[in-house]
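Residue numbers (this note's numbering): 1230 to 1415.
Even for Gly, the Cβ is constructed at its ideal location relative to N, Cα and C.
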């Protein structure tokens, strides 16, 4: 939603994030700047209300500013600051304890890892890519020791991108599976 509003007009997002703007004088006394800000607020409200299903609209329709709507949405769907801190704490704990499950394939492991790290990023706790790469490498099970060692020796972990690591791990997984299938056929 945030990116959609920004893409329409970056000033709209300022109104949503930093509003509410309500001129402290009668409409007849509004300056051109006052009118512009009220117009932006109305546009932002329109975008927000247009995206709501009927039940959410009912809960938000009494709000008079885009800022008020956004704040109410945050509390409703993300929780209070205390709830957010608890969620962040749980995500950090999940991240610290993250390991690839023995029956998990690389895709599922990466999906689970991404859910955790994207959750943290959504709460403003982004983790640098170098740390993500290292965490993933050391989260692999013992059966992946040779691949882990090969990556550590062959690649510069400070510059290795997460997608490159995933490509390498997926390739290894495919080759490993192919080898297992060949043994079964023999």
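Query: Boundaries (first-last residue) of the alpha helix (DSSP H) holding residue 1262; Result: 1261–1280
Query: Proximity of residue 1397 and residue 1376 at Cβ, strictly below 9 angstroms; Result: yes
Query: CA-to-CA distance, residue 1286 to residue 1264, given in whole angstroms; Result: 25 angstroms
Query: Residue 1353 burial status per 10 Å Cβ neighbour count (16 or more: buried); Result: exposed
Query: Beta-carbon proximity of residue 1294 to residue 1339, cut-off 9 angstroms; Result: no
Query: Close beta carbons around residue 1328, own chain, < 8 angstroms, minus the five adjacent residues each side; Result: 1368, 1370
Query: Span of the alpha helix (DSSP H), counted from its first residue to its last, around residue 1362; Result: 1358–1367
Query: Three-state secondary structure (DSSP) of residue 1414; Result: helix
Query: Exposure of residue 1266, with buried meaning 16 or more beta-carbon neighbours within 10 Å; Result: buried
Query: DSSP three-state assignment for residue 1309, whether helix, strand or coil; Result: coil
Query: Residue 1347 - containing alpha helix (DSSP H), residue span; Result: 1335–1351
Query: Identity of the residue in 1239, 1392, 1411 nearest residue 1273 by Cα; Result: 1239
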